[in-house]
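Visitor:
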Amino acid sequence: MIDLLIQNGRVIDPASGLDEVGDVAISKGKIAKVGKVRGKGREVIDASGKIVAPGLIDPHVHCREPGHEEEETIATAAAAAVAGGFTTILAIPNTHPPADDETAIQYVLQRAEDADLARVLPVGCITKGREGKEFSEMGMMLQAGAVAFTDDGDGVASASVMQRAMQYARLIGAPLLQHCQDPDLAGGMMNSGAVAVRLGLSGIAASGEQIMLRRDLELMERTGAGYHVMHVSSAGSVDLIRAAKARSFPVTAEATPHHLLLTDAACMGYDPNYKVNPPLRSPGDVEAVRAGVADGTIDSLATDHAPHAKEEKELEFALAPFGIISLECALGLYAKALIETELMDWTALIARMTSGPGAMIGKPLGSLAVGGPADVTIIDPDRRWTVKTDKFVSRSRNCPYDGWKLKGRAVMTIVSGQIKYQL
Ligand code: DOR
């Protein structure tokens, strides 16, 4: 018996190359059939005029739990995820305390199970306390359910620590996610350039990102570890990743909505909602990051959803924390940056949000393969809507897109065959 039958949608499954009008049948939480389905479903959904895609994956979400539950919890992040069309999110470990042992990984999984909304896959720290010195127990965390490792918020500064982390990660078959930023060149508030000079704010140069990336590519060549570049922000980084991929390095990369849509000029009003790390850069960088996503150099899209309390984001620019939230509007933002500009079509965009991140974490997610988990997102590509942050289910509001008019929205999010969100 078919539990859920989604009929007459444009079924796009980048992992198998499928793009045709048809049906998706779901039984017992798994994909039972894709194509023309005969037979009845217990529940039938008419998806005419809509895109039926594998569940969207966001590989970079700050859930803030434990430690800052006033900003977000695993449950509210999961609720925001399904409202944005995401069936899977990766929980970044810069929590308080940082997720650097198996108990912390089990905690994330337990809280996600309690919430019973999106899949929340824990990411563990590369080093204990994110201090960049002593290794965390990556093997134990992997066994407990971690899918990747990162010290995000900071890059791993020491080349010897990073080299050993890569050797170990290769051995256990887990990807390392790097926030590329040389610490000697950090410490600023925004992109270094003419805008920073006018505003009297200290700068963070793109070279800081590129220097760590260059070093890591060198280490990768020696170790062969799987390595993922988080929130690529500069044209130089896109060039480095493109060249490394041409040499078949196992490097993957992600871009955020803000690095695809905003430049440092947005900081002119000293609004801390535009303060983010890595910072918003020049129009040339935005163009290069878009081109990198379009040609597949950047294979994943990621929000870097980074909730912060209102009181903190109301501080003056120099004192406010870095971070932007966008889980609930990311899909429309990506469409604005990449489809409305005619750089990509929906098939390619969906690939960057499904098969791209799915391959990076090496899990059977991000496809409509028969027998696999029935995670499905139904998208109305023509739906016009306005971002209203006061309607967000996220606990935070540090989102610079309030009032933006977007086209394209998830209208249904299905996780393991269960409808978790319906517009
Ligand atoms: O803007 C950012 N916010 N960048 C980071 O690397 C960390 C994140 C956060 O945790 O707030």
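Numbering (my numbering), first residue to last: 766 to 1188. Glycine included, each C-beta is placed from N, C-alpha and C at the ideal position.
Is the beta carbon of residue 849 less than 8 Å from the beta carbon of residue 935?
Guide: If you number the sequence shown from 1, residue 849 lands on position 84. If you number the sequence shown from 1, residue 935 lands on position 170. With contacts defined as CB atoms closer than 8 Å, residue 849 and residue 935 fail to qualify as a contacting pair.
Visitor: Is residue 973 near the ligand DOR, in the sense that its beta carbon is under 7 Å from a heavy atom of that ligand?
Guide: Looking up residue 973 in the sequence shown gives position 208. Because no heavy atom of the ligand DOR lies under 7 Å away, the Cβ of residue 973 does not count as near it: no.
Visitor: Within its chain, find whatever has a CB closer than 6 Å to the CB of residue 1078; leave out the 5 residues flanking it on each side and keep chain order.
Guide: Start at 1 with the first residue of the sequence shown, and residue 1078 comes out as number 313. Contacts found: 1037, 1085 and 1163.
Visitor: Would you say the region 839–856 touches the region 868–882, given that touching needs at least three Cβ pairs under 8 Å?
Guide: yes
Visitor: Skipping 5 residues on each side, what residues in its chain have a beta carbon closer than 7 Å to that of residue 812?
Guide: To locate residue 812, count along the sequence shown from 1; it is residue 47. The answer, listed in chain order, is 771, 772, 773, 774 and 1143.
Visitor: With respect to 7 Å, is the separation between the Cβ of residue 859 and the closest non-hydrogen atom of the ligand DOR below this value?
Guide: As a working mapping, residue 859 is identified with position 94 in the sequence shown. It does: the Cβ of residue 859 is within 7 Å (strictly closer) of some heavy atom of the ligand DOR.
Visitor: Any heavy atom of the ligand DOR closer than 7 Å to the CB of residue 914?
Guide: Mapped onto the sequence shown, residue 914 falls at position 149. For the ligand DOR, not one heavy atom lies less than 7 Å from the Cβ of residue 914.
Visitor: Answer yes or no: the CB of residue 1042 versus the heavy atoms of the ligand DOR, is any distance below 7 Å?
Guide: Walking along the sequence shown from the start, residue 1042 turns up at place 277. Because some heavy atom of the ligand DOR lies under 7 Å away, the Cβ of residue 1042 counts as near it: yes.
Visitor: Mapping DSSP to helix, strand and coil, what is residue 1169?
Guide: In the sequence shown, residue 1169 corresponds to position 404, counting from 1. Of the three classes helix, strand and coil, the one that applies to residue 1169 here is coil, per DSSP.
Visitor: So the candidates are 1128, 940, 1122 and 1022; which of them puts its Cα closest to the Cα of residue 1099?
Guide: Sequence index remark: in the sequence shown, residue 1099 carries index 334 (1-based). Ranking 1128, 940, 1122 and 1022 by Cα distance to residue 1099 puts 1022 first.
Visitor: Any idea which residues DSSP pairs residue 819 with across the strands?
Guide: Residue numbering aside, residue 819 sits at position 54 when the sequence shown is read from its first letter. 1141, per the DSSP bridge assignment.
Visitor: May I ask you to verify whether the region 1042–1060 touches the region 968–977, counting CB pairs closer than 8 Å and requiring at least 3?
Guide: yes
Visitor: Spell out a yes or no on whether the region 1088–1108 and the region 1164–1175 are touching, meaning 3 or more CB-CB pairs, one atom from each, closer than 8 Å.
Guide: Judged by pairs of C-beta atoms under 8 Å, the region 1088–1108 touches the region 1164–1175, as three or more such pairs exist.
Visitor: Considering only heavy atoms of the ligand DOR, does any lie closer than 7 Å to the CB of residue 917?
Guide: Residue numbering aside, residue 917 sits at position 152 when the sequence shown is read from its first letter. Annotation for residue 917 indicates a beta carbon within 7 Å of some heavy atom of the ligand DOR.
Visitor: Roughly how many whole angstroms lie between the Cα atoms of residue 805 and residue 790?
Guide: Numbered from 1 along the sequence shown, position 40 holds the residue referred to as residue 805. Numbered from 1 along the sequence shown, position 25 holds the residue referred to as residue 790. About 9 Å.
Visitor: Ordered along the chain, which non-local residues of its own chain (more than five positions away) have a Cβ less than 7 Å from that of residue 857?
Guide: For this step, residue 857 is matched to residue 92 along the sequence shown. The residues are 825, 826, 827, 888, 915 and 917.
Visitor: Can you tell me the Cα-Cα spacing of residue 980 and residue 924, whole angstroms?
Guide: As a first step, residue 980 must be located in the sequence shown, where it is residue number 215. As a first step, residue 924 must be located in the sequence shown, where it is residue number 159. Roughly 8 Å between the two C-alpha positions.
Visitor: Alpha carbon to alpha carbon, how far is residue 1182 from residue 933? Give it in angstroms, no decimals.
Guide: Counting from one through the sequence shown, the residue named residue 933 turns up at place 168. Counting from one through the sequence shown, the residue named residue 1182 turns up at place 417. So the alpha carbons of these two residues sit roughly 36 Å apart.
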